[in-house]
Each structure stands twice: as structure tokens, then as C-alpha cells.
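Student: Just dropping this structure here.
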Amino acid sequence: MLDLKFVRENPELVKENIKKKFQDQKLHLVDEVVALDKQIREAKAKVEALRSTRNKNSSLIGKLFQEKKLEEALKLKQEMTSINEEITKIEEKLTKDEEALRERMLVIPNMIDSSVPIGKDDSCNVEKERFLEPTAYDFEVPYHLDIIEKLNGIDLDSARRVAGNGFYYLMGDIARLHSAVLAYARDFMINKGFTYVIPPYMIRGNVVDGVMSFSEMDQMMYKIEGEDLYLIGTSEHSMIGKFKEQILQKENLPYTYTSYSPCFRKEKGAHGIEERGIYRIHQFEKQEMIVVCEPEDSMKWFEKMYSYTVELFVSMGIPCRTLECCSGDLADLKVKSIDVEAWSPRQKKYFEVGSCSNLGDAQARRLGIRIKGDGKNYFAHTLNNTVVAPPRMLIALLENHLHEDGSVDIPAVLQPYMGGLQVMKPKK
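Heads up: the sequence shown begins at 163 in this note's numbering, then just goes up one per residue.
Below you can see the structure in the form of C-alpha cells.
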């Protein structure tokens, strides 16, 4: 959510930003916000004036009664009743106007960074850098489900009977590899100075409103029936919510956390061949990184955070690249975002395995996360980044360490988490 004062003083800049995000249908919201803001400020000024008159009259009525000037006192009392009725009427409208203003402010997208490439959708995203040479095979790489099934590592049929499509049972060495990747990512981030956290897996509605837009919530979140609770789609949600309505001390910044959680997503509209298997699912686990910092430090942390994910992938021998998200591909709260993509030898292209985002003060403004300043408190900046999400990571790892006979080498950094196992061999 933008600063209302900024919108009031820079409506054309806000409109230009909306155009850069190709959301022209939202342009009218800026004029509506400016008009509502004016109405609200005028109404508040009127209420203040009426209260001032009421307070003066209240003192005067007592004095008039003491002086036995009953007629004048009763006349003023009548005026006081009219003033109270008018204040009530104005305040009722104020409540409605303030709610209408907030609704519109929540929909207006955040101001993007000047470095963000302009484009309508993800086809306009810009490659930034590549790391490691893509794996070249002289045999056809099977679909990831075929690789995993050959290792007796998955049971989809049972999962469908138990929970429906979009779920799985991971088995044996594949299940162990899944846990190994998470444990390695956890320790990798701890060694970078991040504090390990296991957060709540459910959050209240007012936290959901604070961390994401309504359209994202509708696409992603599962609501617990009959309760004001939602299953998290990523631990970023509960980790940023941790700071809700807090005044942070400058000396304690930055807060750098790496959090583990299962993630639950509706995945509305998911389709296509690469969304079968374990690529796009309703439940998975993820290691995340979260930073809450001073505004002037957020871009430095942004660069550090996605570089850590790249370093992690390279340490496991997985070729990857960074891709800068264009304006039209940025979620409304984001200032800037970079995706990390891993190489798929089967598809002979890169695919997304993580995303690093700088949200500026958007989440902090919605959730009331402030830093104690000299004389005036100000909003913190929040950032999040995927360290690793094993379902997609498993696809990248399996394809990039596959042998023609179906065996898969385990990267050296993961072997201690696999009891020293160096190779997974086909069971059938």
C-alpha cells in the first residue's frame, strides 16, 4: 500500500506506474482516492470545529445556569443536541469513506523500482546472468516422474485416493533426498548468519491482507472453514506477520531469518504438461529467507539474497540463471523481483525454482511495522526469497545428475545428510 500523502501529491506519477504495469483498468482509482482523501480531511476539520464549539458551549451552559439565565442556557442545550447529531452523521459517513479509501489504496500497485524492465508479462523478463554450463546428455532424459518411479520414490495413486490430485507420497531414497535438501539449505543459511525459525502454519485474515493482494490470496490461500485462519502458501506470510504492529529498534536491525514450513496452495488455473507430477502441487515444503531492514539497506539485501540461492544451486552442481521480472510480471506489492531458474536437460530450457522480492514498505505499511526514529517513526522494508523448494529442486537435481541406466549421483554437499550415500540406483 502506498503512502496516502504520496498519492495525494503525485497522482500523475502513480498513474504512470499503473500504466507501466499494464493495469489501465485501475487508473480511475487514483482520482477516486484523491477525491475521497479531500472529503475525509474536510470532514475531519468540520468535526474538529464542531467539537470545539460544543466544548465552548458546554462551559457556557454551566455558567448561564449559575447566573439563572435559563432561556439562554436551554437554547444552547438545543444547539448542543443539533451539534451532536451533526457530528454523529459526519462520523458515520467518515467511517464509510475511510473504508472506501482503504479498499482502493489496497488495490493500487506499489511503485516499481526505476531499474525494472517494462513489459506486459513474463515473456518480457530479462536474463541477468548464468551460472555453470548446462548439462549435455547423449541420451534422452525421461520425464521426472519416470526417473522417480524407477527409483521407487513416489506413490501418486495412493495419494489420489487419500487426497485427490496435486498430492503425492514420497518414498525411500527420494523422500530422504527431499529432507536432505531442506536440511542442507537450512544449514547453508545459518552459516550465512540467518536465524533458523519454524513459524505458525496458519495465519489470521488481517495478516493475509498485510502480506499479499486480494487477487493473490484468492489464487493461493486455503481458508479454514468457520475460523479466521488461513493455511500459509509460504512461510514469508507468517514471518512478516511476526512483526505486525511492532516498533523496531534501529540497533536490532536487520532481522535476517531463514524459515522452514510446509506450504499449501490452491494453484487455481494450473495447467500444462510441466504442471503434472511434482512440478505444481497443492502441498510442498520450502526453506525461505526473510529480511526486515532499514529502507536504505533493502536493495543491498536484495542483491545478497538471490545470490545466496544461486550459490546454493551451484554448490549442488545445478546450472542456473537469474531472470529480472518485468513490470507486468510483478505482483502488486513488489518493488523489484528476480527469479532463479534451474536448467532442465529434458526440456532443454530453464525453469523457475525460486523468486527473490523487495517489497519496499508495502507490507510494513499494511501491517504497521515501524522503526523507532529520532522524533518520528518510519516504516521498515521487507524482503523475501526462496532458498529452496524441494519439489522443483528435486526435478532439477535428478535431471542434472542422471545416468542413462536411471541412477542418480548425489551431490557431495548432500551426502552427509544421506548417511554417506553417493548414488541412488533404480529399484525396477
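Note that beta-carbon positions come from the ideal geometry of N, C-alpha and C, so glycine has one too.
1. So what's Lys-177 in DSSP terms, helix, strand or just coil?
2. Between the alpha carbons of Arg-532 and Met-267, how many angstroms are there, rounded?
3. Shortest alpha-carbon distance to Ser-214 belongs to which of Lys-237, Asp-193, Ile-249?
4. Tell me which residue opens and which closes the alpha helix (DSSP H) that Tyr-162 is part of.
5. Between which residues of its own chain and Leu-415 is the CB-CB distance below 6 Å, once the five residues before and five after are set aside?
6. Considering only residues of the same chain and omitting the five flanking positions on each side of Val-476, which have a CB-CB separation below 8 Å?
7. Can you name the residues that DSSP bridges to Lys-258?
8. Identify, in the order they occur along the chain, each residue of the same chain with its Cβ nearer than 6 Å to the Cβ of Met-586, setting aside the five sequence neighbours on each side.
9. Looking at Asn-546: is its Cβ nearer than 7 Å to the Cβ of Ile-443?
10. Does the stretch 378–390 touch the stretch 308–327, meaning 3 or more C-beta pairs lie closer than 8 Å?
11. Measuring alpha carbon to alpha carbon, tell me which of Pro-304, Asp-349, Pro-279, Leu-166 ends up nearest Pro-578.
12. State buried or exposed for Ile-552, treating a residue as buried only when at least 16 other CB atoms are found within 10 Å of its CB.
13. Tell me which residue opens and which closes the alpha helix (DSSP H) that Pro-553 is part of.
14. Could you round the C-beta distance between Cys-488 and Val-288 to whole angstroms and report it? I think they count as a contact, below 8 Å.
15. Does the Cβ of Thr-243 have 16 or more other Cβ atoms within 10 Å, making it buried, or fewer, making it exposed?
16. Taking the alpha-carbon positions, what's the Glu-450 to Val-497 distance?
17. State yes or no: is the C-beta of Val-370 within less than 7 Å of the C-beta of Met-555?
18. Enumerated in chain order, which unbroken segments of the alpha helix (DSSP H) with a length of 4 residues or greater are wholly contained in the stretch 259–342?
19. Taking the alpha-carbon of Asp-283 as reference, which of Asp-459, Ala-493, Glu-241 has the nearest alpha-carbon?
20. In terms of residue numbering, what span does the alpha helix (DSSP H) encompassing Asn-370 cover?
21. For Asn-539, which residues does DSSP report across the bridge?
22. For Ile-360, count the other beta carbons within 10 Å of its own beta carbon; 16 or more makes it buried, fewer makes it exposed. Which is it?
23. Quick check on the burial criterion: 16 or more other C-beta atoms within 10 angstroms. Buried or exposed for Gln-525?
24. Since Ile-316 contacts Leu-332 with CB under 8 Å, what's their CB separation in whole angstroms?
25. Start and end of the beta strand (DSSP E) containing Ile-443?
26. Which residues does DSSP pair with Phe-426 in a beta bridge?
27. Cα separation between Ile-435 and Leu-307?
28. Please specify which runs of the alpha helix (DSSP H), each continuous and at least 4 residues long, are wholly inside the stretch 372–416, giving them in chain order.
29. Residue range of the beta strand (DSSP E) that Leu-485 falls in?
30. By Cβ distance below 6 Å, which residues in the same chain neighbour Gly-367 in space, the five residues on each side in sequence not counted?
31. Could you tell me the distance, in whole angstroms, from the CA atom of Glu-398 to the CA atom of Tyr-422?
32. Grouping DSSP H, G and I as helix and E and B as strand, with all else coil, what is Asn-520?
33. Please name the residue, chosen from Lys-239, Ala-262, Glu-407, Phe-446, that lies closest to Asp-193 on a Cα-to-Cα basis.
34. Taking Ile-480 as the reference, give the member of Phe-513, Arg-323, Arg-527, Glu-174 with the closest Cα.
35. Helix, strand or coil for Tyr-346, going by three-state DSSP, please let me know.
36. Between Lys-286 and Val-549, what straight-line distance do the alpha-carbon atoms span, to the nearest angstrom?
Tutor: On the basis of the data shown:
1. Taking the sequence shown and counting its residues from 1, one reaches residue 177 at position 15. Lys-177 falls in the helix class under three-state DSSP.
2. The residue given as residue 532 occupies position 370 in the sequence shown. The residue given as residue 267 occupies position 105 in the sequence shown. Put simply, the backbone Cα of Arg-532 is about 19 Å away from that of Met-267.
3. Along the sequence shown, one-based indexing puts residue 214 at 52. Looking at Lys-237, Asp-193, Ile-249, the one whose alpha-carbon comes closest to that of Ser-214 is Ile-249.
4. Any question about residue 162 goes unanswered here, given that the chain covers just 163 to 590.
5. By one-based count along the sequence shown, residue 415 stands at place 253. Same-chain partners within the cutoff: Cys-455, Glu-456.
6. Within the sequence shown, the letter at position 314 stands for residue 476. Closer than 8 Å at the Cβ level, and outside the excluded window around Val-476, lie Phe-293, Leu-294, Cys-482.
7. Position 96 of the sequence shown, counting from 1, holds the residue named residue 258. Per DSSP, none; premise fails for Lys-258.
8. Position 424 of the sequence shown, counted from the first residue, corresponds to residue 586. Correct list, in chain order: Leu-313, Asp-335, Val-570.
9. Taking the sequence shown and counting its residues from 1, the one referred to as residue 546 is at position 384. Taking the sequence shown and counting its residues from 1, the one referred to as residue 443 is at position 281. The criterion of a C-beta distance shorter than 7 Å is not satisfied by Asn-546 and Ile-443.
10. In short, these stretches do not touch, since the Cβ pair count stays below three.
11. On the sequence shown, residue 578 is found 416 positions in, with the first residue counted as 1. Checking every option, the nearest Cα to that of Pro-578 belongs to Asp-349.
12. Working through the sequence shown from its first residue, we reach residue 552 at position 390. The question names Ile, but residue 552 is Pro in the sequence shown. Pro-552 should be labelled buried.
13. Within the sequence shown, the letter at position 391 stands for residue 553. Pro-553: member of the alpha helix (DSSP H) spanning 552–562, first to last residue.
14. Counting from one through the sequence shown, the residue named residue 488 turns up at place 326. Counting from one through the sequence shown, the residue named residue 288 turns up at place 126. Val-288 and Cys-488 do touch by the CB rule: their CB atoms are close to 7 Å apart, below 8 Å.
15. Your numbering for residue 243 matches position 81 in the sequence shown. So Thr-243 counts as exposed.
16. Mapped onto the sequence shown, residue 450 falls at position 288. Mapped onto the sequence shown, residue 497 falls at position 335. Approximately 19 Å between the Cα atoms of the pair.
17. Within the sequence shown, residue 370 is the residue found at index 208, counting from 1. Within the sequence shown, residue 555 is the residue found at index 393, counting from 1. No, Cβ-Cβ distance for Val-370 and Met-555 is not below 7 Å.
18. Taking 4 residues as the shortest admissible run, the stretch 259–342 contains the following complete alpha helix (DSSP H) segments, listed from N- to C-terminal end: 306–312, 318–325.
19. Translated into the one-based positions of the sequence shown, residue 283 becomes position 121. Out of Asp-459, Ala-493, Glu-241, Ala-493 has the C-alpha closest to the C-alpha of Asp-283.
20. Taking the sequence shown and counting its residues from 1, the one referred to as residue 370 is at position 208. In the sequence under discussion, the amino acid at residue 370 is Val, which differs from the Asn named in the question. Looking at the DSSP string, the run of the alpha helix (DSSP H) that includes Val-370 is 367–373.
21. In the sequence shown, the residue the question calls residue 539 occupies position 377. Answer is none; Asn-539 lacks a bridge partner.
22. Reading the sequence shown from its first residue, position 198 is the one you call residue 360. It counts as exposed.
23. For this step, residue 525 is matched to residue 363 along the sequence shown. Residue environment: Gln-525 is assigned as buried (16 or more neighbouring CB atoms within 10 Å of its CB, all protein chains considered).
24. Counted from its first residue, the sequence shown places residue 316 at position 154. Counted from its first residue, the sequence shown places residue 332 at position 170. Correct: roughly 6 Å between the Cβ atoms.
25. Residue mapping note: residue 443 aligns to position 281 of the sequence shown, counting from 1. Counting along the chain, Ile-443 falls outside any beta strand (DSSP E), and DSSP gives it neither H nor E.
26. As a working mapping, residue 426 is identified with position 264 in the sequence shown. Phe-426 is bridged to Gln-445.
27. For the purposes of this step, residue 435 is taken as residue 273 along the sequence shown, with counting starting at 1. For the purposes of this step, residue 307 is taken as residue 145 along the sequence shown, with counting starting at 1. In this prediction, Ile-435 has a pLDDT of 37, which is less than 50 and means its spatial position is unreliable; nothing more can be read from the coordinates.
28. Qualifying alpha helix (DSSP H) stretches, in chain order: 376–382, 397–403.
29. Indexing the sequence shown from 1 puts residue 485 at position 323. In this chain, the beta strand (DSSP E) harbouring Leu-485 covers 482–486.
30. Here residue 367 refers to the residue found at position 205 when the sequence shown is read from its first residue. Around Gly-367: Asp-390.
31. Numbered from 1 along the sequence shown, position 236 holds the residue referred to as residue 398. Numbered from 1 along the sequence shown, position 260 holds the residue referred to as residue 422. Whole-angstrom Cα-Cα distance: 10 Å.
32. Taking the first residue of the sequence shown as position 1, residue 520 is located at position 358. When secondary structure is reduced to three states using DSSP, Asn-520 falls in the strand class.
33. Sequence index remark: in the sequence shown, residue 193 carries index 31 (1-based). Of the candidates Lys-239, Ala-262, Glu-407, Phe-446, the one whose C-alpha sits nearest the C-alpha of Asp-193 is Ala-262.
34. Residue mapping note: residue 480 aligns to position 318 of the sequence shown, counting from 1. It is Phe-513.
35. Along the sequence shown, one-based indexing puts residue 346 at 184. Correct three-state label for Tyr-346: helix.
36. As a position in the sequence shown, residue 286 is number 124, starting the count at 1. As a position in the sequence shown, residue 549 is number 387, starting the count at 1. Sequence check: residue 286 is Cys here, not Lys. Linking Cys-286 to Val-549 through their CA atoms gives a straight-line distance of about 24 Å.
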